[in-house]
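Visitor: The opening position of the sequence shown corresponds to residue 1 in our numbering, with each subsequent residue numbered one higher. Think of the CB as a built atom: it goes at the ideal place given N, C-alpha and C, for glycine as much as any other residue. There's a structure below that I have some questions on.
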Amino acid sequence: MNRKQRRADSKTGTTTATRIPNALEKMLLQKAIGHHQAGQFREAEAGYREILAANPRHTDALGYLGLLAHHAGHSDAGIELLRKAIGSDRTNPEPHYNLARVLSDLGRDDEAIVHNRKALELAPDFPGAHTNLAALLLLRGRAIEALTVAANGLRTDNSAGLRSTFVLALQSADPSTIEANPQIVALLVRALNEPWARPRDLAAAAGAILLRRPSMKRCVARLADGTPAQLSDLFDAADLASLASEGLFDALLTAAPVTTIDVERVVTGVCRALLGAIDRGDADAEEAAKSWLPLAASIAQQSFLNEYVAGVSEQENEQIGRLSDSITAALEKNEAVAPVRLAVLASYLPLHTLKSADRLAGQEGLAPLRALIAQQVVNPRGEDAIRPTIEHLTAIEDDVSQKVRQQYEENPYPRWTRLAADTQALPLDHYMRARLPGAPYKAMGKGAPEVLVAGCGTGQHAIQRALQFAGANVLAVDLSLNSLSYAVRKTRELGLTNLSYAQADILALPADRMFDVVDSSGVLHHLKNPLDGWRKLSGLVKPGGLMHIGLYSALARQDINAARTALKAQGRDYSAADVRHLRADIAGRAAGDPMHNITRFSDFFSLSECRDLLFHVQEHQFTIPQIAAFLAENGFTFLGFETPARANYLRRFPQDKAATNLENWAAFEKENPATFAQMYQFWIQKS
Ligand SMILES: C[S@@+](CC[C@H](N)C(=O)[O-])C[C@H]1O[C@@H](n2cnc3c(N)ncnc32)[C@H](O)[C@@H]1O
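Right, dumping it as structure tokens:
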């Protein structure tokens, strides 16, 4: 029987089957699957058809042939084959799972949900089914169901895909519905500690859950009353024990800046009360403060992470001075320092700035503060040693570049702690197809892409690229040596060798090295003329190569613009002290005040990010038509935005399946002005 006949048979359901032995059938199936996985689709199809010719109800052959048909663009035929596969074996979860994938590719999410659920009913641990079902529910706006499915799946499936789906669901879920679910809170603690995503992406959810804890509610109320901040008024012993046992407060404080204003108030209230107790010097208060050591140590780490963003009163300043003098004197004399005193001081200033700070690491009594001392003394010393070794690739002559450099020397951006563990390296083509399904991306076939990260800051993004793209060789450049030193330290900690750093001004980069990928996120809008910088970087992209760009959106930053105008009217400069002062003013505004809106931006909660948000020495903003004009003038194809709004966009413009029509996107943004609050982040490809 030839292929034509077989096709006709499978369409009409008639067969001229001759059974073949089981062992041979198995062998043929393995061979066909091998071809399928290797991308040899013709051979795979022939193999499946050969099996079906002998056994027309062969579930796997029907199912895989259905997937093949779908991927070849014949989705209706694929669905029919998958339904036949289901009919041929009602106990088999796999065809349900695969049918769900096909239906979800076609945007038929509700039907896909039904089949995914069926797969899980038949096999509660079916690999990938929890991830897909949770993602589908999330797409349908059913965040709590998605979270429950992901949490159940995580009992047996610890895959990176399911963990990141859990994080997405958590970010969308209403905290009031999860606060009392200890399983989900425990997973959130793991997600922060391991971590499963950038910890700062989880800070809002963690803060919202914490604020629903009775202990926190009491503490917030007492601080709002202006009650004299005695330690026991803030948290009693039972409160402290329950907060410690859950681990959420500690995980948040040590992983990322707190981004909830009331939690920030609790943290600063505790600091103030501890400092007061120590300053009063009464032995009872100091003894009582010892039970606060674990919390004090975590708060000190938090203060370092947010770069001491909270303002301090004159009284606190005097108390800090006395505490700092006494600890410095003890260190000079090689006397033991009480851990709780050190932790409280470290909540107000970084320990490496103390004279003789290097002696801290050797004090046995400070063992409970090892992580804090590493953060505030050992790591900064490591960066000091790295700084002179960084290569200078270009001069920095442009006046705006010099000013911008100064800002980021003072406040390297951002002070990050951990990256999502076990990032899977994918070939570039594979990564792009998965990231932007349906995009008009032309495969590059690059096994070992050369990547430039321009304006890498403290290295978080560059490290991610080095981990994401299989075989990548990454060069990351920035103006700020302090940022680069941080980046190099983190890169070494992670043991990466495919990533090198240099100090350079984008505007002066030599054209003698070309790249397959140029990535510049959150950078070009800080140039005197961003389009000059963008053109310069475009010139370094090889033909057919890619750019990933992040730019501020004028529409999304309307609140910020109003605040910037108001702050400018106060006529201050942009010193760190000014930022703290003005920020404290904004943080204290009542909920109805227009400035209060600024506290909803997570960047408000650390010094470098707040400076970036409100007080940048140089900021431009873009619109989608401006981006479209640049692409047209410079020969780039738009491949897509990276945004969680993609699903909503596709619902609004279902005919734009690749989500690449910039006119539609401009209309969508007008209707939803906050869409690009985290910048326009997009991929483009050079012709
Ligand atoms: C907001 S930070 C973003 C850092 C990083 N891309 C990220 O997303 O985490 C901006 C960075 O761009 C760098 N930068 C600004 N202008 C630059 C220029 N002309 N050349 C090189 N780097 C520049 C700054 O030094 C700063 O580290």
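Would the beta-carbon of tyrosine 680 be found less than 7 Å away from any heavy atom of ligand 1?
Guide: no
Visitor: For the structure I just gave you, are there three or more beta carbon pairs, one from the segment 297–311 and one from the segment 241–261, closer than 8 Å?
Guide: yes
Visitor: Rounded to whole angstroms, what is the Cα-Cα separation between histidine 620 and arginine 611?
Guide: 15 Å
Visitor: Mind checking whether aspartate 109 and leucine 136 have CB atoms under 8 Å apart?
Guide: yes
Visitor: Measure the C-alpha to C-alpha separation of leucine 210 and alanine 203 and round it to an integer number of angstroms.
Guide: 10 Å
Visitor: With respect to the alpha helix (DSSP H) encompassing tyrosine 408, which residues constitute its N-terminal and C-terminal limits?
Guide: For tyrosine 408, the enclosing alpha helix (DSSP H) begins and ends at 399–410.
Visitor: Where does serine 232 land, buried or exposed, given buried means 16+ other C-beta within 10 angstroms?
Guide: exposed
Visitor: Determine which residues share a DSSP beta bridge with glycine 640 and list them.
Guide: Trp683
Visitor: How far does the alpha helix (DSSP H) with tyrosine 64 in it extend, from its first residue to its last?
Guide: 59–71
Visitor: Could you pull the start and end residues of the beta strand (DSSP E) that glycine 550 belongs to?
Guide: Its beta strand (DSSP E) spans residues 541–551.
Visitor: Return the first residue and the last residue of the beta strand (DSSP E) that valine 690 is part of.
Guide: Since the first residue of the chain shown is 1 and the last is 687, residue 690 is not available in this structure.
Visitor: With a threshold of 7 Å on Cβ separation, who are the neighbours of aspartate 559 within its own chain once the five nearest residues in sequence on each side are excluded?
Guide: The answer, listed in chain order, is Asn597, Ile598.
Visitor: With burial defined as no fewer than 16 other Cβ atoms inside 10 Å of the residue's Cβ, what is the status of histidine 430: buried or exposed?
Guide: exposed
Visitor: So serine 520 packs on asparagine 634, CB below 8 Å; how close in whole Å?
Guide: With a Cβ gap of about 14 Å, serine 520 and asparagine 634 do not count as contacting.
Visitor: How far does the alpha helix (DSSP H) with tyrosine 649 in it extend, from its first residue to its last?
Guide: 646–652
Visitor: Of the residues Leu555, Asp578, Asp505, which one's Cα is nearest the Cα of tryptophan 534?
Guide: Asp505
Visitor: If we count the other Cβ atoms within 10 Å of its Cβ and call it buried at 16 or more, is phenylalanine 41 buried or exposed?
Guide: exposed
Visitor: Quick one: residues in its chain with C-beta nearer than 6 Å to the C-beta of valine 189, no 5 flanking neighbours on either side, listed in chain order?
Guide: Gly247, Leu248, Ala251
Visitor: Check for me: the alpha helix (DSSP H) holding asparagine 561 runs from which residue to which?
Guide: 558–569
Visitor: Hey, arginine 222 and leucine 240 are a contact pair by Cβ (cut 8 Å); roughly how many whole angstroms apart?
Guide: At roughly 15 Å, the Cβ-Cβ gap does not stay under 8 Å, so arginine 222 and leucine 240 are not in contact.
Visitor: How long is the line joining the alpha carbons of alanine 197 and leucine 170, rounded to whole angstroms?
Guide: Rounded to the nearest angstrom, the two C-alpha atoms are 12 Å apart.
Visitor: Relative to ligand 1, is the shortest distance from any of its heavy atoms to the C-beta of glycine 539 smaller than 7 Å?
Guide: no
Visitor: Please report the straight-line C-alpha distance between arginine 418 and glutamine 678, rounded to a whole angstrom.
Guide: 20 Å
Visitor: How big is the Cα-Cα spacing for glutamine 363 and glutamate 335?
Guide: 9 Å
Visitor: Grab the span of the beta strand (DSSP E) containing glutamine 468 for me, first residue to last.
Guide: Counting along the chain, glutamine 468 falls outside any beta strand (DSSP E), though it belongs to the alpha helix (DSSP H) covering 460–468.
Visitor: Rounding to the nearest angstrom, what Cα-Cα distance links proline 195 and leucine 52 in this structure?
Guide: Between proline 195 and leucine 52, the alpha-carbon positions lie close to 47 Å from each other.
Visitor: So, with DSSP's three-state summary, where would you put phenylalanine 668?
Guide: helix
Visitor: Would you grab the beta carbon distance between alanine 554 and threonine 643 for me? Rounded to a whole angstrom, and I think it's under 8 Å.
Guide: Not confirmed; about 16 Å, so no contact.
Visitor: Counting Cβ pairs, one atom from each stretch, are 3 or more of them under 8 Å apart for the segment 370–384 and the segment 288–308?
Guide: yes
Visitor: So is histidine 581 buried or exposed if we call it buried at 16+ other beta carbons inside 10 Å?
Guide: With fewer than 16 other Cβ atoms within 10 Å, it is exposed.
Visitor: Leaving out the 5 sequence neighbours to the left and right, which residues in its chain are closer than 6 Å to proline 93 when beta-carbon positions are compared?
Guide: These residues qualify, in order along the chain: Ala119, Leu122, Ala123, Phe126.
Visitor: Could you spell out where the alpha helix (DSSP H) holding valine 185 opens and where it closes?
Guide: Counted as a single uninterrupted DSSP element, the alpha helix (DSSP H) harbouring valine 185 occupies residues 182–193.
Visitor: Is cysteine 456 close to ligand 1? I mean its beta-carbon at under 7 Å from any heavy atom of the ligand.
Guide: yes
Visitor: Classify glutamate 335 as helix, strand or coil using the three-state DSSP reduction.
Guide: Three-state DSSP puts glutamate 335 in coil, outside helix and strand.
Visitor: Quick check: threonine 491 and isoleucine 463, are their CB atoms within less than 8 Å of each other?
Guide: yes
Visitor: Cβ-heavy atom distance between proline 414 and ligand 1 below 7 Å?
Guide: yes
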